[in-house]
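Residue numbers (my numbering), protein chains in the order written: chain Z, 1426 to 1772; chain E, 2 to 293.
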């Protein structure tokens, strides 16, 4: 795993510029050295931040990363495989509840619940991917939206109340830093999330650039051609759905511990739509875009609220429209264009 | 059996609401081939305009038609200003734009008219029909209005030149442009009509659910369900779908013990998924064949 791939994995960036006049290695028109530098600076900042800011800001940044993980999952599904989902809040809910219930009733530690949550979400995603095979674009968006709307209602159902805590939800304990590390629990969870997030990003990059990743993208670009090349469309689509759901489930699992609480109304369709917005704002079909999407989801509503309390929703909407007009390819698209311009000028 | 008939009647009454909304959804789908997630909020906003006009002393029918005109213009303006620049943008950008519109309308309506529940007058009176108390005069009037709208739309698309141009623009923009149809304006017209139909739906629904900025959320989802069940390409199918959703929702709520009132919404959604599984284009939708 090399670092340049982490950053330059994005779709458009995958074609190295042939016959480049300069000696510097380029990926997607941007020198690899720049990408490495940017990555190292980002990691250094990410490690230094929790020692510099308030606990609440650490909590917000952890939330950003959790959103980013979920958006990354959604991106694998929508951006790379071309399947819509307005229902990823469901998988976040399943992940969060799996962790909460296992910690409450089975006495497992948080770290033990994580792989279980991921596996259960993978299974759910895979199974939901089966009916999704028959639905196209807007119909799939609608069916997944239906899933998102139904989720809080199902969680509130009385037959499950013993396990889910009904409307009240469940309390979850936040783990303390182990081995006597000099970190408070907010800082510890920040680093746990950072490590898991980085690991998942690496997995996503490797997946997207692998043989399977090319098959996944081929299905998005032209399903008929993909089938003619011998790609098992059904298997790839359902598996991608499962992987995407597993990412969302891990995000949900982390969020349960960070928020220390799960309740049905945290997982409404508003969350699902938020993830979708984050996906488009960050950059569809881009791994790094997920982080920008997460930043947008956490901080832009606050900014909107500061501009005007009464009209916060309207300000948010206007910002969203502006983002679509000014950055049609998302934040990553904008950065990439800027970097390419700079690189060309220096040549 | 008595209970069954009563529930079917009550289902027809609520189904009328969904049918109205489904019709508006299908209209805009015909024009732009996207589902407008902001449709409900647009209808809600129109209804608030009507409410304000009535508060200012305009008689009901005056306010009714004035609101339709204002909504039509509003729909055209939204298309020209917000969506025309996005014409070539991917579908994802469109959906985000709908979400943005949703947030803007909801927030502005709450800001101007606040979030308290308001009652909205009905032109049909409140007495009940058939002496059962289940189907009121307003419900019957609403169903009547929906059916009249449907007939008018049918005649418009079938017998007028503009209706033909709109169909051409939707089904094959390039060829339509070559024979002189102004495709861009046809799309704007579609938006205007959808906004106007949404306004009618809103004004018919408001006396039942009361007027407030969040009134349309559940109704929009049921409207989607109705539209999908009937088929997004068929206005008649959408109306039938809307009624079907209303009836099934009511019957399931009454006769399936676990469902009760909590899971009614989930039933509508299960219905969407089931119908889509077996007939991906809806019960009355046309199958779309694309050339590879």
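Here a beta-carbon is modelled for each residue, glycine too, at the ideal position from N, C-alpha and C. Computed from a predicted structure; not experimentally measured.
With respect to the C-alpha of residue 1505 of chain Z, the residue from Z:1563, Z:1490, Z:1637, Z:1717 having the closest C-alpha is Z:1637. A direct Cα-to-Cα measurement between residue 1647 of chain Z and residue 1736 of chain Z gives close to 43 Å. With 16 or more other Cβ atoms from the protein chains shown falling within 10 Å of its own Cβ, residue 251 of chain E counts as buried. Contact annotation: residue 28 of chain E and residue 193 of chain E have beta-carbon atoms that are not nearer than 8 Å. In the three-state scheme derived from DSSP, where H, G and I count as helix and E and B as strand, residue 1584 of chain Z is classed as helix. Taken through DSSP and simplified to helix, strand or coil, residue 257 of chain E comes out as coil.
Across the structure, residue 1753 of chain Z and residue 1697 of chain Z are spaced so that their CA atoms are roughly 21 Å apart. Per DSSP, reduced to three states, the secondary structure at residue 1456 of chain Z is strand. In this structure the region 1516 to 1527 of chain Z does not lie against the region 1701 to 1715 of chain Z, because fewer than three pairs of beta carbons, one per stretch, are closer than 8 Å. As computed with DSSP, residue 1686 of chain Z is found in a beta bridge with Z:1596. If you check the CB distance, residue 1689 of chain Z and residue 1577 of chain Z come in under 8 Å. Within the same chain, Cβ atoms closer than 8 Å to the Cβ of residue 180 of chain E are found at 169, the five residues on either side in sequence being excluded. In this structure, the beta-carbon distance from residue 228 of chain E to residue 242 of chain E falls below 8 Å. Interface annotation for the region 1699 to 1722 of chain Z against chain E: 1701, 1702, 1704, 1705, 1706, 1709, criterion Cβ-Cβ distance under 8 Å. The residue among E:235, E:42, E:249 with its C-alpha nearest the C-alpha of residue 11 of chain E is E:249.
Counting along the chain, the unbroken alpha helix (DSSP H) around residue 1642 of chain Z starts and ends at 1636 to 1646. With three or more CB-CB distances shorter than 8 Å, the region 1719 to 1734 of chain Z counts as touching the region 1480 to 1492 of chain Z.
Distance between residue 45 of chain E and residue 1470 of chain Z, taken at the CA atoms: about 46 Å. In the three-state reduction of the DSSP assignment, residue 212 of chain E falls in the strand class, which pools E and B.
Secondary structure note for residue 175 of chain E: its alpha helix (DSSP H) is the uninterrupted segment 174 to 179.
Rounded to whole angstroms, residue 1740 of chain Z and residue 188 of chain E show a C-alpha spacing of 27 Å.
By the 16-neighbour rule on beta-carbons within 10 angstroms, residue 1584 of chain Z is exposed. Look at residue 1512 of chain Z here: in three-state DSSP terms it is coil, with no helix or strand label. Around the beta carbon of residue 1614 of chain Z, 16 or more other beta carbons lie within 10 angstroms, which makes this residue buried. Residue 88 of chain E is outside the set of residues whose beta carbon lies under 8 Å from a beta carbon in chain Z.
Residue ranges of uninterrupted beta strand (DSSP E) with 3 or more members are absent from the region 63 to 116 of chain E; none lies entirely inside it.
Here residue 1673 of chain Z is near residue 1516 of chain Z, since their CB atoms are less than 8 Å apart. Residue 234 of chain E and residue 1568 of chain Z have their C-alpha atoms roughly 18 Å apart. Here DSSP, grouped into helix, strand and coil, assigns residue 1734 of chain Z to coil.
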